[in-house]
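Trainee:
2 protein chains.
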Amino acid sequence: MKSIITISRQFGSGGREIGEKTAAELGYKFYDKEIIEKLAEKTGLAKEYIRKAGEYAPSKSIFSYAFIARNSDGTSITDYLYRVQRELVLEIAEEGPCVIVGRCADYILREHEGCLNVFIRGELDAKIERVTKLYSVSPDKAKKIMKDADKKRAINYKYCAEREWGAIKNYDMVLNSTAFGIEKCVDLICRAAK
Amino acid sequence: MKSIITISRQFGSGGREIGEKTAAELGYKFYDKEIIEKLAEKTGLAKEYIRKAGEYAPSKSIFSYAFIARNSDGTSITDYLYRVQRELVLEIAEEGPCVIVGRCADYILREHEGCLNVFIRGELDAKIERVTKLYSVSPDKAKKIMKDADKKRAINYKYCAEREWGAIKNYDMVLNSTAFGIEKCVDLICRAAK
């Protein structure tokens, strides 16, 4: 039985919902916003900043200097946040069975036995429809939000994990939520974990 | 119920075996060598040439001119073979439930309803071990065979499908056979197809 499931996901693919339902189904703890809250406590940084930091690209942030600038001892804000995040994810993994969404958890826990790394993708039209509804925006706006968020996730992942976000070699299982639907993805992940 | 399952796979990942067992489990027809035999019948080309043509890179073949050279009517050997292969895969898809390994079937059947596209990957060490045993070669030789075959598959796929082999957006499900083992992969694909 896999006791830790990491979920990486394209924006609009329903990955967070799939993670939450998988955790409920297996009786595992679920970590998404909870990590942001804990990071805010530990670092003193604002939750909003931490939330966005997982999806930050250098050029889009007033903290951009923090993303790029590195002192000789490596204590830029981005590096500091990642270090605390890494410690936190390792702590969570020690505490018991859980599902962790995002936060480079697949990379941070790469040496961890009993870890199932999942990536959720979706078809463009289905993701646009989902984001349009969830955020009450136009399809064009939804497309822009998605593209922007995924680009930032990829850059952030590349920066922290030094490997490619969404490349198949990082994951044990990749599912297309458009082909399967949310419930079937949950079912397949639970089955895979067993 | 998905009536057609296409299996793309890294060399040494056990994808062919997984495809064969999935077909047996679901009572579907299985197409791997059968396609090569049918293509040989239809085209008059040698089976060995057709077998390798699915994994051919231009520079490694005495037919390399055929891969690159294109007449104004597009009748190079590679193009001719791909055209017949395409017709054959479409015919097979009409005949009834089946599992098809390789041959760009995921691309050829991209508009087909009821198609489940699976990619099987594996960890390097496990693939080396598998290839070492299956082909009675040294680990170094196994590594070279694998690298070469996957490179050729990628180039061939790019040539015929004009998209990236092994990129997550082409598949509904990607499984790491090293993490799950052969039987579990079969189980997950059967479950996904239902």
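Sequence order for the protein chains is E and D. When we follow my numbering, the leftmost residue of the first sequence carries the number 99, and every step to the right adds one. When we follow my numbering, the leftmost residue of the second sequence carries the number 99, and every step to the right adds one. From the three backbone atoms N, C-alpha and C, an ideal C-beta is built for every residue, glycine too. On a predicted model such as this, the values are computed, not experimentally measured, just so you know.
Which two residues bound the contiguous beta strand (DSSP E) that contains Leu269(E)?
Mentor: Note on identity: in this sequence residue 269(E) is Tyr, with Leu being the wrong assignment. No beta strand (DSSP E) holds Tyr269(E); DSSP gives it neither H nor E.
Trainee: In whole angstroms, what is the alpha-carbon distance linking Gly54(D) and Tyr147(E)?
Mentor: Residue 54(D) is absent from the model: chain D starts at 99 and stops at 292.
Trainee: Output yes if chain E places a C-beta closer than 7 angstroms to the C-beta of Ile266(D); else output no.
Mentor: It does; some Cβ of chain E falls within 7 angstroms.
Trainee: With distance defined between alpha-carbon atoms, name the residue in Pro195(E), Arg261(E), Leu137(E) nearest to Arg184(E).
Mentor: Checked all of Pro195(E), Arg261(E), Leu137(E); the closest Cα to Arg184(E) is Leu137(E).
Trainee: Looking only at its own chain, which residues have a Cβ that is under 6 angstroms from the Cβ of Arg107(E), when we skip the five neighbours before and after it?
Mentor: So the list reads Gly113, Ile218, once near-sequence residues are dropped.
Trainee: Would you say Leu207(E) and Cys213(E) are within 7 angstroms of each other, going by their C-beta atoms?
Mentor: Yes, the Cβ-Cβ distance between Leu207(E) and Cys213(E) is below 7 angstroms.
Trainee: Would you tell me roughly how many angstroms separate the C-alpha atoms of Cys202(E) and Ala291(E), rounded to the nearest one?
Mentor: Distance between the alpha carbons of Cys202(E) and Ala291(E): 19 angstroms.
Trainee: With a floor of 3 residues, list each beta strand (DSSP E) that falls wholly inside the segment 206-231 of chain D, ordered by position along the chain.
Mentor: Those beta strand (DSSP E) runs which fall completely within the segment 206-231 of chain D and span 3+ residues are 213-219.
Trainee: Hey, Phe128(D) and Val197(D): beta-carbon distance below 7 angstroms or not?
Mentor: Their beta carbons are under 7 angstroms apart, which means Phe128(D) touches Val197(D) by this criterion.
Trainee: How big is the Cα-Cα spacing for Ile134(E) and Met271(E)?
Mentor: Their Cα atoms are separated by approximately 25 angstroms.
Trainee: Return the chain-ordered list of same chain residues with a C-beta closer than 7 angstroms to the C-beta of Lys241(D), the five sequence neighbours on each side being excluded.
Mentor: Closer than 7 angstroms at the Cβ level, and outside the excluded window around Lys241(D), lie Ile226.
Trainee: With a cut-off of 7 angstroms, does the C-beta of Met244(E) fall near any C-beta of chain D?
Mentor: Closer than 7 angstroms: no.
Trainee: Is Asp248(E) close to chain D? Criterion is C-beta to C-beta, closer than 7 angstroms.
Mentor: Judged by the 7 angstroms Cβ criterion, Asp248(E) is not in contact with chain D.
Trainee: May I ask you to verify whether the segment 249-259 of chain D touches the segment 252-267 of chain E, counting CB pairs closer than 8 angstroms and requiring at least 3?
Mentor: Contact between the segment 249-259 of chain D and the segment 252-267 of chain E is absent, because fewer than three Cβ pairs lie under 8 angstroms.
Trainee: What are the boundary residues of the alpha helix (DSSP H) that Val187(E) is part of?
Mentor: Where Val187(E) is concerned, the enclosing alpha helix (DSSP H) stretches over 175-193.
Trainee: Which of the three DSSP states, helix, strand or coil, is assigned to Phe278(E)?
Mentor: Three-state DSSP puts Phe278(E) in a helix.
Trainee: Identify the continuous beta strand (DSSP E) that holds Cys196(E) and give its terminal residues.
Mentor: It spans 196-199 - the beta strand (DSSP E) in which Cys196(E) sits, taken as one unbroken run.
Trainee: Less than 6 angstroms between C-beta atoms, sequence neighbours within five positions excluded: which residues of the same chain meet that for Asn274(D)?
Mentor: Closer than 6 angstroms at the Cβ level, and outside the excluded window around Asn274(D), lie Arg219.
Trainee: For the putative contact between Ile102(D) and Pro195(D), defined by C-beta atoms under 8 angstroms, what is the C-beta separation to the nearest angstrom?
Mentor: The pair is a contact, with the Cβ atoms about 7 angstroms apart (cut-off 8 angstroms).
Trainee: Out of Val199(E), Lys140(E), Lys231(E), state which residue places its alpha-carbon closest to the alpha-carbon of Lys119(E).
Mentor: The residue with the shortest Cα to Cα distance from Lys119(E) is Val199(E).
Trainee: Under a CB-based cut-off of 7 angstroms, is Leu186(E) close to chain D?
Mentor: Not closer than 7 angstroms to any Cβ of chain D, the Cβ of Leu186(E) fails to qualify, so no.
Trainee: Anything in the segment 201-229 of chain D with a Cβ closer than 8 angstroms to a Cβ of chain E? List those residues in chain order, please.
Mentor: Result list: Leu214, Phe217, Arg219.
Trainee: Grouping DSSP H, G and I as helix and E and B as strand, with all else coil, what is Leu273(D)?
Mentor: Of the three classes helix, strand and coil, the one that applies to Leu273(D) here is strand, per DSSP.
Trainee: Output, in chain order, the set of chain E residues within a Cβ distance shorter than 8 angstroms of Tyr269(D).
Mentor: Per Cβ cutoff of 8 angstroms: Val272, Asn274.
Trainee: Leaving out five residues on either side along the sequence, give the residues of the same chain with a beta carbon under 6 angstroms from the beta carbon of Cys258(E).
Mentor: So the qualifying residues of the chain are Tyr180, Cys202.
Trainee: Drop a sphere of 10 angstroms on the beta-carbon of Phe165(E), count the other beta-carbons inside from all chains shown, and report buried for 16 or more, exposed for fewer.
Mentor: Residue confidence for Phe165(E) is low, a pLDDT of 48 falling below 50, so the modelled location carries little weight and cannot support an answer.
Trainee: Quick check on DSSP: helix, strand or coil for Arg251(D)?
Mentor: Residue state, collapsed to three classes: helix.
Trainee: For the alpha helix (DSSP H) that contains Tyr147(D), what are its first and last residues?
Mentor: Taken as a continuous stretch (DSSP letters only), the alpha helix (DSSP H) holding Tyr147(D) covers 145-151.
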